[in-house]
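J.: In terms of our numbering, the sequence shown opens at residue 14 and continues consecutively.
Glycine included, each C-beta is placed from N, C-alpha and C at the ideal position.
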Amino acid sequence: MDIRMPDRTAPVVSATLLLGGQLLAIVITQFHPGGVANDHPAVFAAYAGSGTWTAVHLGQFVATSILIGGLVAFCFALDGRAAPQRWAARLGAGAAVVALALYGVVMAVDGVALKQAVNAWASAPAAEKPARFAGAEAIRWIEWGARSYENLALALALLLIAVAAARTAWVPRPVPYLMGLAGLIHVVQGWVAGAHGFPPAHDVAIVAAWVVNLVWMGWLAVGARAAHRTSGKPLS
Numbered sequence: 014m015d016i017r018m019p020d021r022t023a024p025v026v027s028a029t030l031l032l033g034g035q036l037l038a039i040v041i042t043q044f045h046p047g048g049v050a051n052d053h054p055a056v057f058a059a060y061a062g063s064g065t066w067t068a069v070h071l072g073q074f075v076a077t078s079i080l081i082g083g084l085v086a087f088c089f090a091l092d093g094r095a096a097p098q099r100w101a102a103r104l105g106a107g108a109a110v111v112a113l114a115l116y117g118v119v120m121a122v123d124g125v126a127l128k129q130a131v132n133a134w135a136s137a138p139a140a141e142k143p144a145r146f147a148g149a150e151a152i153r154w155i156e157w158g159a160r161s162y163e164n165l166a167l168a169l170a171l172l173l174i175a176v177a178a179a180r181t182a183w184v185p186r187p188v189p190y191l192m193g194l195a196g197l198i199h200v201v202q203g204w205v206a207g208a209h210g211f212p213p214a215h216d217v218a219i220v221a222a223w224v225v226n227l228v229w230m231g232w233l234a235v236g237a238r239a240a241h242r243t244s245g246k247p248l249s
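(1) Measure the alpha-carbon distance for alanine 137 versus arginine 145 and round it to whole angstroms.
(2) Beta carbon of asparagine 164: closer than 7 Å to some heavy atom of the ligand NAP?
(3) Check whether the stretch 181-200 and the stretch 159-167 are in contact - that is, three or more C-beta pairs closer than 8 Å.
(4) Spatial neighbours of proline 247 within its chain, please: CB distance less than 8 Å, with the 5 preceding and 5 following residues excluded, ordered by chain position.
(5) Would you decide whether glycine 62 is buried or exposed? Buried here means 16 or more other CB atoms lie within 10 Å of its CB.
(6) Can you tell me the Cα-Cα spacing of valine 296 and alanine 182, whole angstroms?
(7) Under a three-way DSSP split, which group does glutamate 213 fall into?
(8) Using a Cβ-Cβ cut-off of 6 Å (strictly less than) and excluding sequence neighbours within five positions of phenylalanine 87, which residues of its own chain qualify?
(9) Would you mind working out which of Leu71, Ala234, Trp100 and Arg99 sits nearest glycine 117, comparing C-alpha positions?
(10) So the candidates are Ala175, Leu115 and His209; which of them puts its Cα closest to the Cα of alanine 159?
(11) Evaluate histidine 199 with the Cβ neighbour count: other Cβ atoms within 10 Å of its Cβ, from every protein chain shown; 16 or more gives buried, anything less gives exposed.
(12) Between the beta-carbon of tryptophan 154 and the beta-carbon of proline 185, is there less than 8 Å?
(13) Given this structure, state the Cα-to-Cα distance separating valine 131 from alanine 58, to the nearest angstrom.
(14) Take the Cβ of tyrosine 190 as the centre, count every other Cβ of all protein chains shown within 10 Å, and call the residue buried at 16 or more, exposed below.
(15) Could you name the residues of the same chain whose beta carbon sits closer than 8 Å to that of valine 110, not counting the 5 residues immediately before and after it, in chain order?
(16) State the DSSP-derived secondary structure class of threonine 181, mapped to helix, strand or coil.
(17) Distance check for leucine 127 and glutamate 163, CA to CA, integer angstroms please.
(18) So, are the CB atoms of aspartate 123 and glutamate 150 less than 8 Å apart?
(19) Reducing DSSP to helix, strand and coil, say where glycine 231 ends up.
(20) So which of Trp134, Thr65, Ile39 and Gln73 has the shortest CA-CA distance to methionine 120?
(21) Mapping the DSSP letters down to three states, classify valine 49 as helix, strand or coil.
(22) What do you get for glutamine 43, buried or exposed, if any count of 16 or more other CB atoms within 10 angstroms of its CB means buried?
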């Protein structure tokens with residue numbers, strides 16, 4: 014598989030998918046039921062009362078799929094002439110696909126299994142509630158693990174692709190460094206989720222990743238359009 018792609022529309026497509034997917038994910042997440050995520054009795058009650066749970070999680074999966082698609086497209090838009098750069102892009106694309114697969118697991122656990130479990134707990138007779146609650150917590154802990162490894166896979170993808178992008182002429186110089194910073198923030202997210210679940214520190218890391226991602230994706234979009242103009246092809 015050759016990572017080089019002479020078609021200069023590829024940078025524009027990849028940057029559009031990345032920025033669009035991230036913005037869509039941020040907007041949809043605002044509709045997720047709130048609460049202190051590690052306060053399970055309170056937050057499970059909020060989840061059970063949510064009527065938009067399925068739609069929100071489906072939307073999050075679609076948005077993340079678009080974003081990951083943009084990452085993979087970005088790999089193919091890189092001018093990888095040196096072997097280390099080509100392999101970094103290939104491995105980064107593979108890690109991004111793994112991250113999307115793990116995110117699918119997260120959505121299946123959180124978006125489907127946890128919702129059914131908290132609904133059953135909320136509607137159970139008093140005698141059954143402790144057992145139902147224990148079942149919901151077990152599913153939540155599975156979510157912690159899946160979320161942790163999904164973040165670590167995405168971190169690996171970002172770090173590898175940043176290495177590949179560092180020597181690509183059309184990519185603005187700060188972008189690979191910001192991608193690497195985003196990757197490190199996802200490492201923090203993965204560690205915190207795996208060790209402690211979803212404390213406030215995890216929320217801070219999510220917002221930090223959003224901010225850094227929007228900066229480098231926006232900068233990349235500017236560079237991609239400049240590269241497209243330089244190629245002499247009309248922009249749509």
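T.: So, from the listed chains and residues:
(1) Rounded to whole angstroms, the separation of the alpha carbons of arginine 145 and alanine 137 is 8 Å.
(2) In the structure shown, the ligand NAP is absent, as is every other ligand, since no ligand is present at all.
(3) Inter-segment contact for the stretch 181-200 and the stretch 159-167 is present: three or more beta-carbon pairs are separated by less than 8 Å.
(4) The pLDDT assigned to proline 247 is 45, lower than 50, so where the model puts this residue is not dependable; a value taken from the coordinates is nonetheless given after this. Excluding sequence neighbours, proline 247 sits near nothing in its chain.
(5) Under a 10 Å Cβ-count criterion, glycine 62 is classified as exposed, with fewer than 16 other Cβ atoms of the shown protein chains found around its own Cβ.
(6) In the structure as shown, the chain starts at 14 and stops at 249, and residue 296 therefore has no counterpart that could be examined.
(7) Reading the sequence as shown, one finds proline at residue 213 and not glutamate. Annotated three-state conformation of proline 213 is helix, per DSSP.
(8) Here the set comprises Ser27.
(9) The option with the nearest alpha carbon to glycine 117 is Leu71.
(10) Closest by alpha carbon: Leu115.
(11) The residue is buried, with at least 16 neighbouring Cβ atoms inside 10 Å.
(12) With contacts defined as CB atoms closer than 8 Å, tryptophan 154 and proline 185 fail to qualify as a contacting pair.
(13) Rounded to whole angstroms, valine 131 to alanine 58 spans 7 Å at the Cα level.
(14) That one is exposed.
(15) So the list reads Ile81 and Val85, once near-sequence residues are dropped.
(16) In the structure shown, threonine 181 sits in coil (DSSP, three-state: anything other than H, G, I, E or B).
(17) Distance between the alpha carbons of glutamate 163 and leucine 127: 18 Å.
(18) Result no, Cβ atoms of aspartate 123 and glutamate 150 do not sit closer than 8 Å.
(19) Helix at glycine 231.
(20) Minimum Cα distance to methionine 120 is reached at Gln73.
(21) Residue state, collapsed to three classes: coil.
(22) Under this definition glutamine 43 is an exposed residue.
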